[in-house]
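Working notes, structure below.
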Amino acid sequence: MSIQAGNFFPPEYKTFPFHEGDLLVSKRSDGKFSVNKILKVDRFDYKAGASINIQGKAFVATEDDFLLVISSAFGASEFNSFEEARAAAQSGKWTVKVALVPNRAPGAAAGQSLVGHAVVSKEELEGYAQWRQQFERGNAGVF
Numbered sequence: 107m108s109i110q111a112g113n114f115f116p117p118e119y120k121t122f123p124f125h126e127g128d129l130l131v132s133k134r135s136d137g138k139f140s141v142n143k144i145l146k147v148d149r150f151d152y153k154a155g156a157s158i159n160i161q162g163k164a165f166v167a168t169e170d171d172f173l174l175v176i177s178s179a180f181g182a183s184e185f186n187s188f189e190e191a192r193a194a195a196q197s198g199k200w201t202v203k204v205a206l207v208p209n210r211a212p213g214a215a216a217g218q219s220l221v222g223h224a225v226v227s228k229e230e231l232e233g234y235a236q237w238r239q240q241f242e243r244g245n246a247g248v249f
């Protein structure tokens with residue numbers, strides 16, 4: 107049975123506007139654009155007293171609650187315009203720079219624009235499977 111929403115995690119940790127397989131474009135700090143792909147959207151339930159590692163810091167839930175963890179592949183900062191990045195996403199021709207970034211929903215959504223959708227392959231989920239196993243054991247965290 108799923109835990110009902112509590113107040114330990116902020117409301118913005120519990121919703122996410124994108125879906126698995128969505129292709130997104132974002133503008134990076136260097137002014138270039140990249141393509142990013144949503145690999146998984148997971149809901150993790152926490153009982154009071156359970157802990158989670160967020161950005162290297164442990165937080166202990168003070169009440170039953172849940173949050174969404176968004177696992178994404180981040181592309182290289184390689185396109186000079188939004189339109190160029192969108193065309194690359196739609197043609198499947200973009201460079202993955204970081205194969206897995208497990209993030210909280212606000213961070214995963216920030217600055218992203220939906221430009222397409224592609225099936226998530228088994229190969230794309232290999233790093234995710236390793237991370238999830240370690241996360242569920244309390245040996246890995248999220249950004």
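Take 107 as the starting number for the sequence shown in this note's numbering and just add one per residue.
We treat Cβ as the ideally placed atom computed from N, Cα and C, and that holds for glycine.
Taking the Cα positions, Lys199 is about 15 Å away from Asp128. Contact between Asn209 and Val147 does not hold, since their C-beta atoms are separated by about 11 Å, which reaches or exceeds 8 Å.
A buried status is given to Asn142, since no fewer than 16 other beta-carbon atoms sit within 10 Å of its beta-carbon. Here DSSP, grouped into helix, strand and coil, assigns Phe180 to strand. In this structure, Val202 lies away from Val131, with their beta-carbon atoms at least 7 Å apart. Following the DSSP letters along the chain, one finds Arg238 inside the alpha helix (DSSP H) bounded by residues 232–242. Straight across, the Cα-Cα distance linking Tyr152 with Phe114 is about 10 Å.
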